[in-house]
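Quick note, the sequence shown lines up with residues 246 to 580 if you use the numbering used here.
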Amino acid sequence: MPSPALSTAWNASKHRDGKAMLAEAASLGFARVELGHAVRYSLCPGILDAVREGIAAISSVHNFCPVPLEVSRPSPNAFEFSDPRARQRALAVQYTLETLDFACRVGAPAVVLHLGRVERDPRHGISRKLADLWDEGRFLKRDYTRAKLSAVVARRKAFDAVYGRVRPCLETVVAAARERGLRLGFECREDYGEFPDELEMEQCLADFPPEVVGYWHDFGHAQRKAYLGWHDHAETLARRRPRLLGCHIHDCTPPDHDHRPLLPEGTAIDFPRLIPLLPESCIEVLELSPRTKVEDVVKSRLTWEALRTHHSSQAALSLSHVPSGAQGSSGFLSS
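Written out as structure tokens, the structure reads:
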């Protein structure tokens, strides 16, 4: 069973030389690296040198990479396919195509994409409101349920307009990926205000060829939504398994504290129930916060390797034995 890759989301900000950035990952036992959306142009020469010298292979590239020069702060949502402004959508496509070209240069087989948003600012939208109510002990109380249902109704009304902007952008990007021999991973998002949600993802995947487009599962993002009652984590992963291209691995404590390390003493996410749903071909990437200690990065790799080996995918998990939300093995939700 191969070891996971390490996303440079963890160490890109502290390096001025891309070769040193990849060498650090290699020194911690990672043979492969995902180039994250915080990779600056100044890191690219060193990255190319490191790849040529075999210091580390590139498992995947996260859009946008490298960071567009006109962006002051790295963000995968700096430009969005869902933007109502045509110029911004055009820039989203332009910089995504540049990411595809860079992926080819570093020999990456796949590019991870965010598709957009529905809410103006998801960070302060319905998911934030529900998380605050969760913190107040009001999960599934009347005000919680009312707010959630209202958001779902509004979301269904917004789909046609949002996807009407997103789909033409994706058609261009998917065609370009096919020409370059790359695969694209449509990533699940952490906030309900982002696009697509779990139901909408079905439509997005169905509209594009599986030999080019796959699903990218983010364990922390999916668990955040499970904690708030948006979906059942295991059921979603089971439905996506036929199209699953890759995954971002990190722990998440309730209600929305993600990108945390996987520690041997236990995780909030019940990985043993979810890992059997991963196909052997899945690209596996640890995506940890830059605040994660070096020793916890290593522990996360070792913990994942042990879990993956012990719970290897021999057959699909029987969903009849999976609790709602695939709640964590450490008892975070039992109180």
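Here a beta-carbon is modelled for each residue, glycine too, at the ideal position from N, C-alpha and C.
These numbers come from a predicted model, not from an experiment.
Quick check: the Cα distance between residue i and residue j, rounded to an integer number of angstroms?
i, j, result
"GLN559", "PRO249", "Caution is warranted here: a pLDDT of 44 is assigned to GLN559, below 50, making its placement in the model unreliable, and no coordinate value can be reported."
"ALA302", "ALA265", "14 Å"
"LEU552", "PHE516", "8 Å"
"HIS466", "GLY291", "31 Å"
"ARG469", "CYS497", "7 Å"
"ILE494", "LEU251", "9 Å"
"ARG383", "PRO509", "32 Å"
"GLU550", "LEU523", "13 Å"
"LEU505", "LYS538", "One detail in the question is off: residue 505 reads as Arg in this sequence, not Leu. Their Cα atoms are separated by approximately 10 Å."
"HIS476", "ASP294", "43 Å"
"LEU358", "LEU378", "30 Å"
"ALA452", "VAL419", "Here residue 452 turns out to be Asp, not Ala, going by the sequence shown. Rounded to the nearest angstrom, the two C-alpha atoms are 11 Å apart."
"VAL458", "ALA392", "34 Å"
"LEU336", "LEU288", "22 Å"
"GLU444", "ARG428", "According to the sequence provided, residue 444 is Leu. The question's Glu does not apply to it. Approximately 22 Å, taken between the alpha carbons."
"TYR340", "PRO313", "7 Å"
"ARG425", "GLY352", "11 Å"
"LEU564", "THR253", "With a pLDDT of only 42 at LEU564, under 50, the local geometry of the prediction cannot be trusted, and no value is derived from it."
"ILE300", "LEU360", "32 Å"
"CYS414", "ARG332", "12 Å"
"ALA270", "VAL543", "10 Å"
"GLY511", "ASP463", "19 Å"
"GLY430", "GLU447", "13 Å"
"TYR408", "LEU507", "35 Å"
"ASP346", "ARG261", "22 Å"
"CYS492", "ARG423", "21 Å"
"GLU432", "ARG485", "11 Å"
"ASP380", "PRO499", "9 Å"
"ARG401", "ARG518", "31 Å"
"PRO535", "HIS502", "14 Å"
"PRO521", "GLU315", "42 Å"
"ASP388", "SER395", "11 Å"
"ALA348", "ILE371", "35 Å"
"LEU490", "ARG412", "20 Å"
"HIS555", "GLU439", "34 Å"
"SER317", "HIS369", "22 Å"
"GLY263", "LEU342", "21 Å"
"ARG365", "GLY474", "22 Å"
"GLY338", "SER545", "It is Val, not Gly, that sits at residue 338 in the sequence shown. Computed Cα separation, rounded: 34 Å."
"PRO321", "ALA257", "14 Å"
"PRO311", "LYS386", "44 Å"
"SER557", "TYR460", "20 Å"
"GLU325", "GLY274", "35 Å"
"PHE404", "SER327", "11 Å"
"THR548", "GLU532", "14 Å"
Give the secondary structure of residue i by DSSP, where H, G and I count as helix, E and B as strand, and everything else as coil.
i, result
"THR253", "coil"
"LEU375", "helix"
"VAL278", "strand"
"LEU385", "coil"
"GLY491", "strand"
"LEU507", "coil"
"ARG484", "helix"
"PRO290", "helix"
"SER258", "helix"
"PRO247", "coil"
"PHE577", "With a pLDDT of only 29 at PHE577, under 50, the local geometry of the prediction cannot be trusted, and no value is derived from it."
What are the start and end residues of the beta strand (DSSP E) that includes residue i?
i, result
"ALA265", "First-last for ALA265: 263-272, but that is the alpha helix (DSSP H), not the beta strand (DSSP E)."
Is the CB of residue i under 9 Å away from at least one CB in chain D?
i, result
"ALA471", "Of the protein chains in the structure, only one exists, and it is not chain D."
Tell me the DSSP bridge mates of residue i?
i, result
"THR498", "HIS502"
"ARG285", "DSSP output for ARG285 lists no bridge partner at all."
"ARG362", "GLU439"
Practice task
Entirely within the stretch 392-478 and at least 4 residues each: give me those alpha helix (DSSP H) ranges in chain order.
Solution key: 443-451 and 464-472
Problem - Minimum length 3: unbroken beta strand (DSSP E) runs contained in the stretch 512-566 - result: 528-531
Handout entry: 4 or more residues per run - each alpha helix (DSSP H) lying fully within the stretch 298-360
Key = 331-351
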